[in-house]
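Just so it is clear: in the sequence shown, position 170 is 169 by numbering that gives the first Met the number 0, and no numbers are missing. Ideal placement from N, C-alpha and C gives every residue a C-beta, glycine not left out. Quick caveat: nothing in here was measured; it's all calculated off a predicted structure.
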Amino acid sequence: MTPVTRTTPSDTTLTSAGVADRLAAAVRPFIGGDLPVRLQAWDGSVAGPAGAPLVVLRSPDALRRLLWHPGELGAAQAYVTGELDVPEQDGWDLGSALTHAFEVGAERGLSGVRLSPRALVDAVRTAAGLGALGRPPAPPASQAQVKGRLHSLARDRSSISHHYDLSNEFYSLVLEPQMAYSCGYHASPDVSLEEAQRAKLDLVCTKLGLEQGDRMLDVGCGWGSLSLHAAEHFGARVTGVTISAEQKAFIDARIAERGLQDRVEIRLQDYREVPERDHFDAVGSLEMGEHVGARNYPTYVEVLRRSVRPGGRVLVQQMSRQGAGGGKHPGGGPFIESFIAPDMTMRPVGETVGLIEAGGLEVRDVHAMREHYVHTVAGWMANFEANLPRLRELVGEEVVRVWRLYLVGGALAFRDGRMGVDQVLAVRPGGPHTLPAVRAW
Numbered sequence: 000m001t002p003v004t005r006t007t008p009s010d011t012t013l014t015s016a017g018v019a020d021r022l023a024a025a026v027r028p029f030i031g032g033d034l035p036v037r038l039q040a041w042d043g044s045v046a047g048p049a050g051a052p053l054v055v056l057r058s059p060d061a062l063r064r065l066l067w068h069p070g071e072l073g074a075a076q077a078y079v080t081g082e083l084d085v086p087e088q089d090g091w092d093l094g095s096a097l098t099h100a101f102e103v104g105a106e107r108g109l110s111g112v113r114l115s116p117r118a119l120v121d122a123v124r125t126a127a128g129l130g131a132l133g134r135p136p137a138p139p140a141s142q143a144q145v146k147g148r149l150h151s152l153a154r155d156r157s158s159i160s161h162h163y164d165l166s167n168e169f170y171s172l173v174l175e176p177q178m179a180y181s182c183g184y185h186a187s188p189d190v191s192l193e194e195a196q197r198a199k200l201d202l203v204c205t206k207l208g209l210e211q212g213d214r215m216l217d218v219g220c221g222w223g224s225l226s227l228h229a230a231e232h233f234g235a236r237v238t239g240v241t242i243s244a245e246q247k248a249f250i251d252a253r254i255a256e257r258g259l260q261d262r263v264e265i266r267l268q269d270y271r272e273v274p275e276r277d278h279f280d281a282v283g284s285l286e287m288g289e290h291v292g293a294r295n296y297p298t299y300v301e302v303l304r305r306s307v308r309p310g311g312r313v314l315v316q317q318m319s320r321q322g323a324g325g326g327k328h329p330g331g332g333p334f335i336e337s338f339i340a341p342d343m344t345m346r347p348v349g350e351t352v353g354l355i356e357a358g359g360l361e362v363r364d365v366h367a368m369r370e371h372y373v374h375t376v377a378g379w380m381a382n383f384e385a386n387l388p389r390l391r392e393l394v395g396e397e398v399v400r401v402w403r404l405y406l407v408g409g410a411l412a413f414r415d416g417r418m419g420v421d422q423v424l425a426v427r428p429g430g431p432h433t434l435p436a437v438r439a440w
């Protein structure tokens, strides 16, 4: 790596310069060179290259958050509160600006930059001069505040409620009519979101081998997209479980509208409380395993195994993240863990396959679908932007900013391979299974 020159302007220069220039000088040692963005500070001063993405600091509180929570969490807090903004300008938007920042960081090898004591002292002096020292600002109202023992029943209900109980109307404006909140199956990028979700549900039901009258368990059923699809289009008798009261109310209404009371039952029930053993012909669980936590994942697999009859099929669709299983942020990073999905755990798909096999299921297929999620999130983002006025009425500007950062960041993570999603198909040993030797899903 090319050595980084750490020059420090004189105190006279710093005193006479605007806030943006003073910040640019102070952060130079931290970012390995000149600003890669155009920075506009709250005093109206501007620094950084013309034509670069614009970053606006509206308050010293943005700096204070970054000092108390350096990196992703502080930046996310400042963004969702509006103290920091990345406005669309000159062809740049939030997604392209974040991409630019990732690329510059990789080029400069920032993980290899070592700061001198002088650089740290200068940074603190600049922060003090700008009024950025002092107690940290209160966390944003949209940041999750969960308490209690990790993955206790009460804490899990609180974590799920934080994200999923915004309101059914909110999700109906972001998702598509089937309300499938998981990766779709896109035959091509121009396939509609609704068609891709229908194709995903068909794919899952086909992989599970569902036939008329089969009993299926849907673990973490969300707004019922899989449960309703399996009953309506494959003739299955479905039991779905969720710990979100909003979701159960939504599905129950759809069951009544469609006259499916004799084929679909939705329980407000934690997956650990499912009592059936050797009962179901098939079990599906779409993007729920991420929420059970590392310690409870063997319990989750055991529930899947014991619920299905010997020879029955189990399909788990789950997100993955390279190197996250034992890292500092197993849920995907400070922003996701603080604002979206508290207590979530992701790991490389190979580790998940190993846990499923260790739990007594025989893994037969692993289907990687990472690129499909890029298209799915693009569909959600289009709906989100098209319905902004009503979304703001429902949840307020701060939560809208949380969701924009969540959707944009998620799309980039799947695009760049930092996250993946896979369907893992398994069977329970101990009985004959009907999985075909040659499969053409």
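Can you tell me where the beta strand (DSSP E) with Gly311 in it begins and where it stops? 307-320
Need the endpoints of the beta strand (DSSP E) that Glu361 sits in, please. 361-367
Do Gly353 and Glu301 count as a contact pair if the criterion is CB distance below 9 Å? no
Assign Trp222 to buried or exposed, taking buried as 16 or more other Cβ atoms, counted over all protein chains shown, within 10 Å of its Cβ. buried
With DSSP collapsed to three states, give me the class of Ser44. coil
Thinking C-alpha only, which one of Ala131, Val54, Val394, Arg312 is nearest Leu62? Ala131
Would you decide whether Thr344 is buried or exposed? Buried here means 16 or more other CB atoms lie within 10 Å of its CB. buried
Evaluate the contact criterion for the stretch 85-101 versus the stretch 152-162: three or more CB pairs, one atom per stretch, below 8 Å. no
Using the three-state DSSP reduction, which class does Gln76 fall into: helix, strand or coil? helix
Taking all protein chains shown into account, do 16 or more other C-beta atoms lie within 10 angstroms of the C-beta of Arg389, making it buried, or fewer, making it exposed? exposed
Measure the CB-CB distance between Gly239 and Gly429 and report whether it falls below 9 Å. no
Which of the three DSSP states, helix, strand or coil, is assigned to Asp189? coil
Determine the direct distance from the alpha carbon of Gln142 to that of Asp121, and round the result to whole angstroms. 32 Å
Residues near Val398 by beta carbon distance below 6 Å, same chain, minus five either side: Ser141
With a threshold of 16 other CB atoms inside 10 Å of the CB of Trp440, please say whether the residue is buried or exposed. exposed
Trp91 by DSSP, collapsed to three states: which one? strand
Alpha carbon of Gly325 to alpha carbon of Asp421, nearest angstrom: Reliability of the predicted coordinates at Gly325 is poor, the pLDDT of 49 falling under 50, and the value obtained from them is presented with this limitation in mind. Their Cα atoms are separated by approximately 20 Å.
State the Cα-Cα distance for the pair Pro138 and Gln76, rounded to the nearest angstrom. 7 Å
Excluding sequence positions up to five away, which residues of its chain have a Cβ less than 8 Å from the Cβ of Ser171? Met178
Grouping DSSP H, G and I as helix and E and B as strand, with all else coil, what is Ala143? coil
Around the C-beta of Asp342, are 16 or more other C-beta atoms found within 10 angstroms, so that it is buried, or is it exposed? buried
Using DSSP with H/G/I as helix, E/B as strand and the rest coil, what is Pro27? One point to set straight first is that residue 27 is Arg, not Pro, in the sequence displayed. Here Arg27 sits in helix by DSSP.
Going by alpha carbons, who is nearest to Pro52 out of Pro69, Leu65, Leu34? Leu34
Among Arg107, Leu227, Gly234, the one whose alpha carbon lies nearest that of Gly208: Gly234
Cβ shell of Gly133 (< 8 Å), same chain only, five flanking positions each side left out: Arg63
Please name the residue, chosen from Ser224, Trp379, Met287, that lies closest to Ile250 on a Cα-to-Cα basis. Ser224
Quick one: what's got a C-beta closer than 8 Å to His432's C-beta in the same chain, skipping five residues either side? Gly310, Gly311, Arg312, Val426
Are at least three pairs of beta-carbons, each pair with one atom in the stretch 191-210 and one in the stretch 369-388, less than 8 Å apart? yes
Give me whichever residues DSSP pairs with Ala229 in a beta bridge. Ala229 pairs with nothing; no bridge assigned.
Whole angstroms are fine: how far does the CA of Gly409 sit from the CA of Gly32? 28 Å
Candidates Glu256, Val55, Gly108, His371: which alpha carbon is nearest Val36's? Val55
Count the other CB atoms, across all protein chains shown, that sit within 10 Å of the CB of Arg438; report buried if there are 16 or more and exposed otherwise. exposed
What do you reckon, are the CB atoms on Thr80 and Pro136 nearer than 9 Å? yes
Need the endpoints of the beta strand (DSSP E) that Ile265 sits in, please. 263-267
Closest to Arg441 by CA distance: which of Trp67, Val123, Pro69, Val291 is it? For residue 441 there is no data in the structure shown, the boundaries of the chain being 0 and 440.
Just confirm the distance between the C-beta atoms of Met287 and Met418, as a whole number of angstroms; I'd bet it's less than 8 Å. That pair is no contact at about 16 Å.
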